[in-house]
Amino acid sequence: MKYQALPAITLCLTTSLSLHAATERDLDSHVHGGASLNMAIDDNTLFVEFESPWVNLVGFEHEPSTEEQEAAIAESIQRLQEGGTLFAFAGTQCELHETVVESSMNSEHEEHDADHDSDHDSDHDSDHEEHEGGEHSEIVVSYVFDCADISKLETIDVELQSVWSGIDDIDVQIVGPQGQSSTELGADNKTVDMASVL
């Protein structure tokens, strides 16, 4: 089934671009524990984008140098690809249709980012010297969920912090047919209320 998702993808990109500056500041500041979750709704399709520094998931941000570190990355990627277990939907049934993982620690992302890296390195040499080789690596995971009747979606329980204790808080941005909303998830709150956007 082909998705006519251009409006939602455009909406996601617009939202992501407006939030990119804040996210970029967080990552450039090397804030450990912070992550972001962007959501957009188009018809009965929910698009979710999760972004986090690698240190929140595996405890380091550099290229893996041991088999244990390689295994930690592989395990995290596998868990993230199983997005159906990371999000619980109340009010309607939503099934995971597609997952895309982009990471600065896997070859696909490195190839995609090769030109950007050379520009980035020349612009930020002093930052990298200060951290003595400590690179700020991140992972971005995009999910597409098909929902039976998204107008009945009440809440989404986000289980990311239950799986990865290194995530202290998640900034959530939502765009839906009735507008936009934002919230922050923490140790005591893992539920996103969808009422204001549906």
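Heads up: the sequence shown runs through residues -21 to -1, 1 to 177, numbered per mature numbering (1 follows the signal peptide of the UniProt record, and there is no 0).
Note that CB positions come from ideal geometry on N, CA and C, so glycine has one too.
Predicted model, so just to flag it, every value in this text is computed and none were measured.
Notebook entry, point to check: If you pair each beta-carbon of the region 32 to 50 with each one of the region 156 to 167, do three or more pairs fall below 8 Å?
Noted result: no
Notebook entry, point to check: Which ranges does the alpha helix (DSSP H) cover as unbroken runs of at least 4 residues, wholly within the region 37 to 68, from first to last along the chain?
Noted result: 46 to 60
Margin query: Can you find the residues in the same chain that come closer than 6 Å, C-beta to C-beta, to Asn168, ignoring five residues on each side of it along the sequence?
Written below: none
Item checked: Rounded separation between Asp172 and Val142 - CA only -> 21 Å
Note to self: Is it buried or exposed, Glu133, if we count other Cβ atoms within 10 angstroms and call 16 or more buried?
What the structure shows: exposed
Notebook entry, point to check: In the DSSP assignment, what are the bridge partners of Leu162?
Noted result: Note that residue 162 is Thr in the sequence shown, not Leu. Looking at the DSSP assignment, Thr162 forms a beta bridge with Val151.
Next item on the list: Please report how far the alpha carbon of Val137 lies from the alpha carbon of Gly70, in whole angstroms.
Entry: 15 Å
Notebook entry, point to check: Residue range of the beta strand (DSSP E) that Ser31 falls in?
Noted result: Thr24 to Pro32
Next item on the list: Note down the Cα distance separating Val37 from Ser144, rounded to an integer number of angstroms.
Entry: 10 Å
Next item on the list: Would you please state the rounded distance, in angstroms, between the beta carbons of Ala14 and Phe29? I believe it to be under 8 Å.
Entry: 7 Å
Next item on the list: Just the C-alpha distance for Glu163 and Glu117, rounded to the nearest angstrom, thanks.
Entry: 20 Å
Item checked: One or two residues paired with Ser141 in a DSSP bridge -> Note: Ser141 sits in no beta bridge, so no partner.
Note to self: The beta strand (DSSP E) that contains Gly13, what's its start and end?
What the structure shows: Gly13 to Asp21
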